[in-house]
Amino acid sequence: MNKYTGLENLKKYSNKKIRVTTKNQNVFTGVYSIYTPAGDNDPEIESISLETPERYYDINTPDIIKIEILD
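Residues in the sequence shown are numbered from 2 upward in steps of one, following this note's numbering.
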């Protein structure tokens with residue numbers, strides 16, 4: 002079971018700077034800003050968005066293996 006699945010498990014990261022590691026070992030660092038439920042996404046997979054000074058990253062939650070709060 003993916004422990005990061007679902008909005009309730011992600012609320013603690015809201016507006017915090019986090020580091021996300023994905024299954025393919027990509028690492029993204031930014032401020033957690035948006036949760037998108039599966040029904041609002043195409044394909045229907047829930048995701049989170051990280052905001053950096055350069056861009057937004059949209060990361061599908063099933064791909065996440067680790068989230069760390071940096072501040």
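In this text, a Cβ means the ideal position worked out from N, Cα and C, and glycines have one as well. Values in this document were obtained by computation on a predicted structure and should not be read as measured data.
Check: By how many angstroms is the C-alpha of PRO38 removed from the C-alpha of ILE49?
Finding: Taking the straight line from one Cα to the other gives about 9 Å.
Check: So, is ILE46 buried or exposed, given that buried needs 16 or more other C-beta atoms within 10 angstroms?
Finding: When all chains shown are included, ILE46 counts as exposed.
Checklist line | Close Cβ partners of LEU71 (< 8 Å) along its chain, the five nearest in sequence each way excluded | finding: In chain order, LYS17, LYS18, ILE19, ARG20, THR30 place their CB closer than 8 Å to the CB of LEU71, counting only its own chain and leaving out the 5 sequence neighbours on each side.
Notebook entry, point to check: Given that a residue counts as buried once 16 or more other Cβ atoms are within 10 Å of its Cβ, and exposed if not, what is TYR57?
Noted result: Under the 10 Å beta carbon count, TYR57 is surrounded by fewer than 16 other beta carbons and is classified as exposed.
Next item on the list: Could you tell me which of ASN10, TYR36, LYS13, ASN25 sits nearest to GLU52, measuring between CA atoms?
Entry: Answer by Cα proximity: TYR36.
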